[in-house]
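Peer 1: The structure follows.
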Amino acid sequence: MPVPVVVVVSFGPALSLLGGGTPGSGPLAVAALMVMHVVVVAVAAYRRVLPLPVR
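According to the numbering used here, the residues represented by the sequence shown are 8 to 62, in order.
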C-alpha cells in the first residue's frame with residue numbers, strides 16, 4: 008500500500024473523535040494525533056527506503 012494511502016486511512020479514527028463528546032478530543036488534540044500519525048508512517052517509510060549502514 009502506498010504511504011499516502013496509509014496516512015489518509017490512519018486519519019479516520021482521529022477525525023471520528025471530533026464529532027463525539029469524548030473528553031480531551033478537541034481540534035488541537037486531534038490535530039496533534041494526526042501529526043503523530045504522519046511522523047510514525049514517515050519514520051517507517053524512511054527506514055524501509057533509506058536503511059542506515061551497519062557499522
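Built from N, CA and C at the ideal position, the CB exists for glycine as well.
Quantities reported herein were computed from a predicted structural model and do not represent experimental measurements.
(1) Whose C-alpha, out of P30, P20, M43 and V48, is nearest the C-alpha of V13?
(2) With distances taken between CB atoms, is the gap from L57 to V37 smaller than 8 Å?
(3) With respect to the alpha helix (DSSP H) encompassing V37, which residues constitute its N-terminal and C-terminal limits?
(4) Hey, how far is the Cα of V10 from the Cα of A52?
Peer 2: So, from the data block:
(1) As a position in the sequence shown, residue 13 is number 6, starting the count at 1. Looking only at P30, P20, M43 and V48, the smallest Cα-Cα distance to V13 is reached by V48.
(2) Here residue 57 corresponds to residue number 50 of the sequence shown, with the count starting at 1. Here residue 37 corresponds to residue number 30 of the sequence shown, with the count starting at 1. No, the pair does not count as a contact, with Cβ atoms beyond the cut-off.
(3) On the sequence shown, position 30 is the one that residue 37 refers to. V37 -> alpha helix (DSSP H) spans P34 to V56.
(4) Against the sequence shown, residue 10 aligns to sequence position 3. Against the sequence shown, residue 52 aligns to sequence position 45. Near 7 Å, if we compare the C-alpha coordinates of A52 and V10.
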